[in-house]
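Below you'll find the structure, written out as structure tokens, and then a few comments.
There are 2 protein chains.
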Amino acid sequence: AGRRPTPHNHHNSLEEDMSAHPFDEAIHLEPDAERAGMLWHGATHPAYWNMVGPFGGLTAAVVLQAVRGHPERIGTPISLTLTYAAPIVEGPYEVHTECVAATRSTQHWSIRCVQQGKVVVNAIALFAQRRDTWNSAEMRMPQVPAAADVAPIDTSVARVAWLRRYEVRPVQGGIDVVQKAQAHEQSITRQWVRDEPPRPLDYPALASICDVFFPRI
Amino acid sequence: AGRRPTPHNHHNSLEEDMSAHPFDEAIHLEPDAERAGMLWHGATHPAYWNMVGPFGGLTAAVVLQAVRGHPERIGTPISLTLTYAAPIVEGPYEVHTECVAATRSTQHWSIRCVQQGKVVVNAIALFAQRRDTWNSAEMRMPQVPAAADVAPIDTSVARVAWLRRYEVRPVQGGIDVVQKAQAHEQSITRQWVRDEPPRPLDYPALASICDVFFPRI
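If you read the protein sequences in the order shown, they are chains P and L. Those letters in the first sequence? Residues 1 to 217, per our numbering, in order. Those letters in the second sequence? Residues 1001 to 1217, per our numbering, in order.
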């Protein structure tokens, strides 16, 4: 019943219009004609393709983007939790959003991605208006070399598309350790990472980046 | 439309029947007569009352219990995420469960607690059949004194009921630090904790215990 995003050639569109970042293309959602805000139409994007489906971080960003686009959404994300329920295949999908509870300053959302009639992602999110108040951040930035002093991984030859969408400068652990198949006492990964090409860090971009860490064995 | 749990006097029932642990009473749910498995009826319990509502951990346990009771549920909990949307007041509530996606070995659940027509908890859970396989647990048990060598907090005089439902033996941080209003560099809390009176540790009990840690300022 809704409008679907038009298929596009990612590489051509990048060359023609640098303002269209592949990330923004990939998380783009069209409101359903009849259920605008509650139902969105999107599609997988080749620029964030993983081995057999879209990069999981991108899917998390799409979920967040669907809530952000709701006309009654207030505030910014406080928490986002997803469980990936089934493989996402190449092609269109729908995102269903529902604000199940709200106060004047908070909103509790349920979100589901559906493809070919099947729920592929089950998610909840909490949005709230953040107010200026006292705070105490216990977590400290770790002492690491400046990003400029760390060599980035060469992802230009990566066979997996989404790897080329991030510039990663590994400080400790990470994909280089995985590649070398070294055994390690612990699984801490420290790396500088940004979108490639560069893009301002917003909530969807942050949600996506949370998934760039490689599983360790 | 469903049967509600009968109100009961907690102290009397304990004296009369030690097999009825207050925790099991408190998480007890009655299936709805018409929508059994998908809709449950429960009620707040005085034994787990907090200052102005039920202990949050108990509510998490109720959410898990509702999924566990579904006739088509398979496996055990892998993850449970809740956002508390509104205060829960003394009295009955409903728990709605929906299995939104499943494979032969996994189930993705959405759960909502509703009281007086309002969603008070929004939750998702992943259940799966755990199979014997290789594993590597990086987290190690911290080196702490044996529980028997640590004095428990005297909660017998606690004005907040749920505190009397846990035996807590603080090793580092915790409620004693909160009470002393000491400033600390970090907020690590290490304590031995068990249900009071003792009760086998199952998934609902574990979900509840996850909330016994006191906020630090």
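Even glycine gets a Cβ: it sits at the ideal position worked out from N, Cα and C.
Burial state of residue i, where buried means 16 or more other Cβ atoms lie within 10 Å
| i | result |
| --- | --- |
| L/Ala1205 | buried |
| P/Leu39 | buried |
| L/Arg1003 | For L/Arg1003, the predicted structure reports a pLDDT of 45, less than 50, and the residue's modelled location is therefore unreliable. The matter cannot be settled from this model. |
| L/Ile1188 | exposed |
| P/Ala183 | exposed |
| P/Thr44 | buried |
| L/Val1212 | buried |
| L/Gln1115 | buried |
| P/Ala101 | buried |
| P/Gly117 | exposed |
| P/Ala47 | buried |
| L/Pro1007 | The pLDDT assigned to L/Pro1007 is 42, lower than 50, so where the model puts this residue is not dependable; a value taken from the coordinates is nonetheless given after this. Classification of L/Pro1007: exposed, given that the 10 Å Cβ count is below 16. |
| L/Val1121 | buried |
| L/Pro1170 | buried |
| P/Ser208 | buried |
| P/Arg104 | exposed |
| P/Arg131 | exposed |
| P/Arg112 | buried |
| P/Thr83 | buried |
| P/Leu163 | buried |
| P/Gln143 | exposed |
| P/Glu94 | buried |
| P/Trp109 | buried |
| L/Gly1174 | buried |
| L/Gly1091 | exposed |
| L/Thr1097 | buried |
| L/Cys1210 | exposed |
Delimiting residues of the alpha helix (DSSP H) encompassing residue i
| i | result |
| --- | --- |
| P/Pro170 | Not the alpha helix (DSSP H): P/Pro170 falls in the beta strand (DSSP E), residues 166 to 172. |
| L/Ile1209 | 1203 to 1209 |
| P/Arg159 | From DSSP, P/Arg159 is part of no alpha helix (DSSP H); its letter is neither H nor E. |
| P/Ala60 | 56 to 68 |
| L/Ala1026 | 1022 to 1026 |
Cβ-Cβ separation, residue j to residue i (assumed contact under 8 Å), whole Å
| i | j | result |
| --- | --- | --- |
| L/Gly1081 | L/Ala1123 | What sits at residue 1081 of chain L in the sequence shown is Thr, not Gly. 6 Å between Cβ atoms; contact. |
| L/Val1119 | L/Ala1085 | 5 Å |
| L/Val1067 | L/Ala1125 | 6 Å |
| L/Pro1054 | L/Arg1165 | At roughly 11 Å, the Cβ-Cβ gap does not stay under 8 Å, so L/Pro1054 and L/Arg1165 are not in contact. |
| P/Trp49 | P/Ala161 | 4 Å |
| P/His41 | P/Leu29 | 7 Å |
| L/Gln1191 | L/Val1168 | 5 Å |
Limits of the beta strand (DSSP E) - the one that residue i falls within
| i | result |
| --- | --- |
| L/Gly1042 | 1039 to 1043 |
| L/Phe1127 | 1118 to 1128 |
| L/Val1212 | L/Val1212 -> no beta strand (DSSP E), and no H or E assigned at all. |
| L/Arg1190 | 1190 to 1195 |
Residues that residue i contacts on chain C, provided the C-beta gap is smaller than 9 Å
| i | result |
| --- | --- |
| P/Val119 | Note that chain C does not occur in the displayed structure, where the protein chains are P and L. |
Using a Cβ cut-off of 9 Å, which residues of the stretch 1177 to 1195 of chain L contact any Cβ in chain P, in chain order? Taking 9 Å as the upper bound on Cβ-Cβ separation, chain P lies near residues Glu1185, Gln1186, Ser1187 of the stretch 1177 to 1195 of chain L.
Residues in the stretch 199 to 217 of chain P having any Cβ partner in chain L nearer than 7 Å: The residues in question: there are none.
Can you list, in chain order, the residues of the stretch 123 to 147 of chain P whose Cβ is nearer than 9 Å to any Cβ on chain L? Per Cβ criterion, the list reads Ala123, Ile124, Ala125, Leu126, Ser136, Glu138.
Can you give me, in chain order, the residues of the stretch 1057 to 1088 of chain L that have a beta carbon less than 9 Å from any beta carbon in chain P? Cβ contacts with chain P: Ile1078, Ser1079, Thr1081, Leu1082, Thr1083, Tyr1084, Ala1085, Ala1086.
If you measure beta-carbon to beta-carbon, which residues of the stretch 1099 to 1110 of chain L are closer than 7 Å to chain P? Correct list: Val1100, Ala1101, His1108, Ser1110.
Which ranges does the beta strand (DSSP E) cover as unbroken runs of at least 3 residues, wholly within the stretch 1077 to 1108 of chain L, from first to last along the chain? Given a length threshold of 3 residues, each whole run of the beta strand (DSSP E) inside the stretch 1077 to 1108 of chain L is given here in chain order: 1092 to 1102.
Against chain L, which members of the stretch 154 to 171 of chain P pass a CB distance test of less than 7 Å? Answer set for the stretch 154 to 171 of chain P: empty.
What are the residues of the stretch 27 to 48 of chain P that lie near chain L, defined by any Cβ-Cβ distance shorter than 9 Å? Within the stretch 27 to 48 of chain P, no residue has a Cβ that lies closer than 9 Å to any Cβ of chain L.
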